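Novice:
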Amino acid sequence: MPNLAKLAEVVDEAARTATEIPQLTIAHPDLTVEDAYAIQALSLARRYARGERRVGMKMGLTSRAKMAQVGVSEMIWGRLTDSMQVEEGSVVDLKRYVHPRVEPEVAFLLKAPLSGNVTPAQAMAAVGAVAPALEIIDSRYQDFKFALPDVVADNSSSSGFVVGGWRSPDVDVANLGLVMELDGQARQVGSTAAILGDPVRSLVAAARLVAQWGERLEAGWIVLAGGATAAEHLTPGASVRLVMQDLGSVSFQVGK
Ligand code: OOG
Ligand code: MG
-16 MPNLAKLAEV
-6 VDEAARTATE
4 IPQLTIAHPD
14 LTVEDAYAIQ
24 ALSLARRYAR
34 GERRVGMKMG
44 LTSRAKMAQV
54 GVSEMIWGRL
64 TDSMQVEEGS
74 VVDLKRYVHP
84 RVEPEVAFLL
94 KAPLSGNVTP
104 AQAMAAVGAV
114 APALEIIDSR
124 YQDFKFALPD
134 VVADNSSSSG
144 FVVGGWRSPD
154 VDVANLGLVM
164 ELDGQARQVG
174 STAAILGDPV
184 RSLVAAARLV
194 AQWGERLEAG
204 WIVLAGGATA
214 AEHLTPGASV
224 RLVMQDLGSV
234 SFQVGK
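Residue numbers for the sequence shown follow the working numbering, so the first one is -16 and each next one is one higher.
1. State the start and end residues of the unbroken alpha helix (DSSP H) segment that holds residue 26.
2. What do you reckon, is the C-beta of residue 161 under 6 Å from a heavy atom of ligand 1?
3. Please state the DSSP three-state secondary structure of residue 90.
4. Which residue comes first and which comes last in the beta strand (DSSP E) that contains residue 64?
5. Apart from the five residues just before and just after residue 213, which ones in its own chain have a Cβ nearer than 8 Å to its Cβ?
6. Near residue 76, which residues of its chain fall below 6 Å by C-beta distance, leaving aside the five closest residues on each side in sequence?
7. Which residue from 138, 118, 1 and 211 puts its Cα closest to that of residue 17?
8. Can you check which of these residues, 62, 35 and 33, is closest to residue 43 by C-alpha distance?
9. Starting from the N-terminal side, write out each stretch of the alpha helix (DSSP H) that is 4 residues or longer and does not extend beyond the stretch 149 to 225.
10. Given 8 Å as the limit, is there contact between the stretch 217 to 234 and the stretch 102 to 110, that is, 3 or more CB pairs closer than that?
11. Less than 7 Å between the C-beta atoms of residue 208 and residue 89, yes or no?
12. Going straight from the alpha carbon of residue 193 to that of residue -6, what length do you get?
13. Using a Cβ distance threshold of 8 Å, determine whether the stretch 137 to 153 contacts the stretch 119 to 129, with at least three qualifying pairs required.
14. Among -3, 235 and 179, which has the Cα closest to the Cα of residue 56?
15. Along the chain, where does the beta strand (DSSP E) containing residue 49 start, and where does it finish?
16. Answer with buried or exposed for residue 78, where buried requires no fewer than 16 other C-beta atoms within 10 angstroms of its C-beta.
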């Protein structure tokens, strides 16, 4: 039985110091997905002990494009804290990351708790606002390569996220066209429909998955539905912008 607390320290330190590490499954080939979620919870406990606050949840690998890019085809989730949130329009420091990438997402802001088996209508009834979002993902593993238990233990590559202006949840997010630009050039073009056919399904899945771990999505939390396209590498000095039909745009700048 691997020492889960020790492995939590390893992934937490890798993230804290932006230092790459070998995949955990090399030394621990029998690591299960359940072990990995326990490691994630223990590593987040270390962040809370340093004063970070939970602000939400991110879903991952909810589109085929994302699954194909990382070679893992299972839906995963991670925990978001306040220190990961990047103000819209601000400059991010690449030194905080190992090998960051950016991907276009939809964010839900909850006005009521949500947990367990819910219908899409029940899920949307708990949503106070929706927004376009850019997630900065950063695997702590060498070469951004991992197996399912590795990425789950590493908080599903959670690293940073930028949320655009909140809009009324009356905007139907099922099939919104989107363009993610780097330095004004379209690099990824797609639709929110790539996210499980409708990002609301990702919120439904989020409610079900947290319940398995005895948690619930809380009012005031942000839920990221998952990347709608493959992610792009962040390069020094780049300006990154996501334009989404009906929801407007969100952007940030990469430091030189
Ligand atoms: C895993 C995290 C996946 C998403 O939106 O699909 C994710 C990774 O790609 O490193 O955030
Ligand atoms: Mg993501």
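Virtual Cβ for every residue (Gly too), placed ideally from N, Cα, C. This structure is a prediction, so every number in the text was calculated from the model and none was measured.
Specialist: A quick look at the data gives this:
1. Counting along the chain, the alpha helix (DSSP H) containing residue 26 begins and ends at 16 to 32.
2. Taken from the Cβ of residue 161, every heavy atom of ligand 1 lies 6 Å or farther away.
3. In the three-state scheme derived from DSSP, where H, G and I count as helix and E and B as strand, residue 90 is classed as strand.
4. Unbroken beta strand (DSSP E) run through residue 64: 59 to 64.
5. Closer than 8 Å at Cβ, skipping near neighbours: 48, 49, 51, 52, 86 and 171.
6. Cβ neighbours of residue 76 within its own chain (closer than 6 Å, five residues either side excluded): 238.
7. Checked all of 138, 118, 1 and 211; the closest Cα to residue 17 is 138.
8. Ranking 62, 35 and 33 by Cα distance to residue 43 puts 62 first.
9. The qualifying runs are 182 to 195.
10. Segments in contact, no.
11. If you check the CB distance, residue 208 and residue 89 come in under 7 Å.
12. Straight-line Cα distance between these residues: approximately 21 Å.
13. Contact between the stretch 137 to 153 and the stretch 119 to 129 is present, because at least three Cβ pairs lie under 8 Å.
14. The residue with the shortest Cα to Cα distance from residue 56 is 179.
15. Residue 49 -> not in any beta strand (DSSP E); alpha helix (DSSP H) instead, spanning 47 to 53.
16. That one is exposed.
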